[in-house]
Each structure stands twice: as C-alpha cells, then as structure tokens.
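Asker: Before I ask anything, let me first share the structure, which is written out below as structure tokens.
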RNA sequence: GGCGCUAUCGUCUAGGGGUUAGGACGUGAGAUUCUCAAUCUUAAAACCCGGGUUCGAUUCCCGGUAGCGCUACCA
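Residue numbers (this note's numbering): 5 to 509.
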C-alpha cells in the first residue's frame, strides 16, 4: 500500500452503510460493489458500517442475511462498525451543535407534526414557534421532561447557497432557504440517519461517500451538518459521488415490498448465479468500461473502474413475471460458467445436485460437468440437464421419441416402418456394444460402422440410442454420455427401450 | 405543490457540432453439428418534443414534456 504522505492525495476511505431492515438488496449490493471497486482501484480502505439506528425496524436476522449476501459476493472490507454502538458520540455531537445555537428543540408531538406537514400546501420548512422559542423556555420544558426532537436551524433569509461538486453529477447547488429544518435527534433521544451518518463519516475520516442518487438532495443537509461539527469552522466534508438508481421495468426504484424476491441477492445465489457473474452484471448497470467489453473478470473491472465511467440515468433491471432475471445477467452467468475450470464448476454444482436429492460422488459430478457445462445458464439448470446420469431407473418417456423423425415432414411418418427401423437400431447397438470399448473414439467408430451397415445416416442412427440411454431427445453428445454412464447402464436402458418400442408396435 | 436529477435501439450502453449513430443482451433468418447447447454469419431495432446558437445539431443553450428522487422524529 502506498504511503499516504508520499503523494498529494491521501488514500481514499470509503464506506458501505446498509441499514439492516431485510435481506441484502441488489441495489445495495451494487452500491457496495462500486465502493469496493473505488477503494481497491485506488488502494484505499473499505469500511463496512451497519446503520442500525432505527430500533423499530432493525433485526438481527437481517444483519445476518446482509453479511451472508456480502460474503457471497466475495468482496471484502477492512474495517467494520456498528452505528448503534456509537450512540454516545452521536448524542455528544448533537449537544455540541445545540450548544452552538445551530439546532433547536422542537416540542411538537410527532403525530401532530405529521398532520401539519401534510396539510400544508407548500413545502414544510420549519416550525417557527419552536425555532424561535426562547432558550429559557426551551430549557425549562426540557428539564420538566417534555419530549422533543432536535432540529437543525437551517440558515434562512440570508440567501445562503449550499454547493458541492458531485463525482458523478457534477456541480450541485441549492438555496439553504429551500432546505427544511430536518431532525437530528428523535424525541426518544435516538439520532436520525442524517446526524448519525455524518458524525460517523467525520469520525471515521471517510474521504468519499459513494451512495445511491436518492441521497443527492440530502447531501445539502449533510453539508450543513459537517459544517456544524467539530470545533471552529466545522469539518471539511468528504467528496460525494452519487450512483444512478436501479429501477424495475415499471420505472420505480427497486423495492422489496413492491417487487418481491427479485430484489434480493439470495434469489440470484439460490438460482445458481456465480458471484463473479452477478457482480459483472451489477457493474454494467450504470457504469461502462467504454471499450465495448462486457464480459469482465473482477480484476479487470477493478482495474478499469473510475467514477467518470458512471452514467447518470437510472438503469432498469429487466425482469418479468415469467422470468425474474435480466437476460443479460443470465447470459453473463453462462459466460462465466464456461470460463470456470471444470473442477471449480463441478464443486459449485455439487450442492445443487445434493439439494435436488441426488447424493452423488464428487467424482461422478466431475465426470458429468464437462458434458453439461455449455448447456446450462444457471447452476440450477444442471439438475434437469444431468438427472439421467444419476437416476437408477429412467423416468418414463414416450416410446415414440425413440423413432427418429424425418426432417421437415413429421406428418408423413410411416410410424410402423420407422418403428421397425428404430428397433433394428437398438438391436444392432445391443449386438455391437458388448464388444466395444467404452471410450469416445471406439464408440464413435463402432456406432458409425453400424449405421453404415444399416444404411443409415448418423442422425437416425443416434437418436434412438440417445433417447434409450438418456430418456429424452435433447442431451449432451452421445459418446461422452455413454462413457460416463458405463456399458452396463447403457445396455440395460437400451434393452428397456427395445421392450417399450415393441409394445408400441 | 416545491426543489433536485435524468432523457441514444425492447433492455444495458458507446459516442459526440459534419458518423452508414458503434457494441452487447434479447428477438428473426441462415450456416455448422449425432439431438440440444455452443459457435459463426446475417436481419430488424434508437438520438423525447419545440425553439435558439451555428454553414451544419442527436451532440451546446433555453423552454416544454415525461420519468425518477427528496420534501419523515426511515435509511
């Protein structure tokens, strides 16, 4: 790691600050990923901070599920904090801000405030009665135990302009008069998000805040808080960079309530996404390497990642009712599956077979993996793609499948004649196979020779055997499949097929 | 309502004062193969609208429209 003092710019410190109110959301996963990329690209520090100041909604189960999701992504972090353990600091800072006269106590009961705000036509900006309440009255009421919220005293009537340069959206400014007197402390004494987050960002010396664009306008409030923090002139605010939001096809922000499990990273994991594929997909939503490449490894993304590459428009995650996954995510997953060494893929596949009830040896899975690798897009596809390798007895299938169809004209099928042909194919296979070595080349040679002797092309020759052996028409290449299955299983299944075919005729 | 942000194929995006507006996914067609898949070729598919500025705007500016976000004692 470079010495922060050796260059003009210190190494960045970024943070990901989820609030544990449910499972890890794909939007959160992307925010985490972008922070991680920024940190690792710049040799900085990644901080994970649980923003759990909302006691009502936070649960331990959610904390666990967020960690689970983050671990699955395979991205690490360097420091870890829990906001709820830092309450003393938040309160102390709130008091300091109050002591400076930059905040005031608002004794309006919470529910009453709600009504007032919603009934007022224009935007609610402040509570003049409370903002102007003399200090002695305020102290007296507080001392008597009357509950109050602490509100920031936003500068008014001064024409004060709040401004910052966003790393993605560029120069931003807003009149302070248009910012409402937001709460710092709730009436139960707990800090709000705005206060806790800024206090912690300052205390943890966060240099860059990279977060969702839904915080863009909140940033003006945060600027005010940073200014109110610390001794004299306040604390220099960190750099801000806001990320375009991930939205559903209906254009609204992805939400757990509205869009269900499709917004949870565990849904992707359970369906058999590879974490690197998922991360690859996430990065392409709102960021571009600008080199026409889309299939990228994590290392490549990390090397290419810059804030300049971040787009400003919201990105649609294109799922439907029929298919919960964006087609591009699925395609990328298939690409990453093919890029994986067989041993690794085989290891990743094992739990999916187990879960489907196939208690099969790793050796068997390893043998099957190369045969299905190009035929699956999600890891879970491996189960239906490979089940016939593991079944003792094939599931019943339509014996008519054993009969090869003539191309282009399935209706003019001479069913009985073709059935007889298929039967001869199977019988021939039964004659040839016992004497054939079960490796690819020998099977290839033996069966092709048999085809010639029957006056058949490869297609009509192989289909009956394939269906007999796999129980269906679409399957991996025949010879490799037969090798994995072994001679005994193949012969047995072909005999069974022969029986089925005879019963048909 | 107020304030802010955004606007290129169906989706993700590149681009940028003069281009045949590029790529990817998906979709259609074809090739190849023992089926499927993979692969290859190919087709259809976009600059929100209106004004400016300019010799020339999709690109710059303004306005409109639309979408999104914030407007909580949620984060």
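Glycine residues also receive a C-beta, built at the ideal position from the N, C-alpha and C atoms. The structure displayed is predicted, hence computed values, not measured ones.
(1) Use the C-beta contact count for residue 215: other C-beta atoms within 10 angstroms, 16 or more gives buried, fewer gives exposed.
(2) Can you have a look at residue 20 and say buried or exposed, based on whether 16 or more other CB atoms are within 10 angstroms of its CB?
(3) For a test of the three-state rule: what should DSSP assign to residue 5, helix, strand or coil?
(4) In the DSSP assignment, what are the bridge partners of residue 29?
(5) Is DSSP giving residue 215 helix, strand or coil here?
(6) According to DSSP, is residue 189 part of a helix, a strand, or is it coil?
(7) Helix, strand or coil: how does DSSP classify residue 291 here?
(8) Determine the extent of the alpha helix (DSSP H) in which residue 231 is found, giving its start and end residues.
(9) Measuring CB atoms only, is the region 162 to 176 touching the region 191 to 209, in the sense that at least three cross pairs come out at less than 8 Å?
(10) Going by C-alpha distance, which of 135, 247, 301 and 194 is nearest residue 55?
(11) How about residue 30 and residue 286: are their beta carbons less than 9 Å apart?
(12) Report the partner residues of residue 326 according to the DSSP bridge assignment.
(13) Work out the CA separation of residue 467 and residue 460 for me, nearest whole Å.
(14) To the nearest angstrom, report how far apart residue 464 and residue 423 are at their CA atoms.
(15) Could you name the residues that DSSP lists as bridge partners for residue 175?
(16) With a 10 Å radius around its C-beta and 16 neighbouring C-beta atoms as the bar for buried, classify residue 259 as buried or exposed.
(17) With a Cβ-Cβ cutoff of 9 Å, do residue 426 and residue 438 count as a contact?
(18) According to DSSP, simplified to helix, strand and coil, what is residue 203?
(19) Along the chain, where does the alpha helix (DSSP H) containing residue 1 start, and where does it finish?
(20) Going by beta carbon distance, what residues of the same chain come within less than 7 Å of residue 178, once the five residues before and after it are set aside?
(21) Are there 16 or more other CB atoms within 10 angstroms of the CB of residue 144, so buried, or fewer, so exposed?
(22) Between residue 113 and the rest of its own chain, which residues show a CB-CB distance below 7 Å, the 5 nearest in sequence each way excluded?
(23) Count the other CB atoms within 10 Å of the CB of residue 139; is the residue buried (16 or more) or exposed (fewer)?
(24) Near residue 496, what residues of its chain come up, given a Cβ to Cβ distance below 7 Å and the 5 sequence neighbours on each side ignored?
(25) Indicate, with yes or no, if the ligand FAD has a heavy atom lying under 8 Å from the CB of residue 376.
(26) What residue from 482, 110 and 207 has the CA that sits closest to residue 134's CA?
(27) Residue 505 to residue 480, Cα distance in whole Å?
(28) For residue 283 and residue 37, which I take to be in contact (beta-carbon distance under 8 Å), what is that distance rounded to the nearest angstrom?
(29) Nearest to residue 370 by alpha carbon, out of 391, 385, 347 and 198?
Answerer: With the given structure in hand:
(1) A buried status is given to residue 215, since no fewer than 16 other beta-carbon atoms sit within 10 Å of its beta-carbon.
(2) The residue is buried, with at least 16 neighbouring Cβ atoms inside 10 Å.
(3) The predicted position of residue 5 is uncertain, since its pLDDT is 39 and thus under 50; a value taken from the coordinates is nonetheless stated next. Under the three-state reduction of DSSP output, residue 5 falls in the coil class, being neither helix nor strand.
(4) According to DSSP, residue 29 bridges with 268.
(5) In the three-state scheme derived from DSSP, where H, G and I count as helix and E and B as strand, residue 215 is classed as strand.
(6) In the structure shown, the three-state DSSP call for residue 189 is strand.
(7) Here residue 291 sits in strand by DSSP.
(8) For residue 231, the enclosing alpha helix (DSSP H) stretches over residues 222 to 232.
(9) Below 8 Å, too few C-beta pairs join the region 162 to 176 and the region 191 to 209 to call them touching: fewer than three.
(10) Each of 135, 247, 301 and 194 was checked against the Cα of residue 55, and the nearest Cα belongs to 194.
(11) Contact check for residue 30 against residue 286 passes: the beta carbons are separated by less than 9 Å.
(12) Paired residues: none, contrary to the question.
(13) Taking the straight line joining both Cα atoms gives about 11 Å.
(14) Residue 464 and residue 423: Cα-Cα distance of roughly 11 Å.
(15) Beta-bridge pairing links residue 175 to 169.
(16) In summary, residue 259 is exposed, with fewer than 16 beta-carbon neighbours lying within 10 Å of its beta-carbon over all protein chains present.
(17) With respect to the 9 Å criterion, residue 426 and residue 438 are not classified as neighbours on the basis of their beta carbons.
(18) Three-state result, residue 203: helix.
(19) No statement about residue 1 is possible, as the shown extent of the chain runs from 5 to 509 and does not include it.
(20) Correct list, in chain order: 166 and 224.
(21) The C-beta of residue 144 has fewer than 16 other C-beta atoms within 10 Å across all chains shown, which makes the residue exposed.
(22) Closer than 7 Å at Cβ, skipping near neighbours: no residue.
(23) Residue environment analysis places residue 139 among the exposed positions, since fewer than 16 neighbouring C-beta atoms fall within 10 angstroms of its C-beta.
(24) Cβ within range, chain order: n/a, list empty.
(25) The model on display carries no ligand, and the ligand FAD is accordingly not part of it.
(26) Distance check between residue 134 and each of 482, 110 and 207 places 110 closest, using alpha-carbon atoms only.
(27) Straight through space, the alpha carbons of residue 480 and residue 505 are spaced by roughly 23 Å.
(28) Correct: roughly 6 Å between the Cβ atoms.
(29) Selected option, being the one with the closest Cα: 347.
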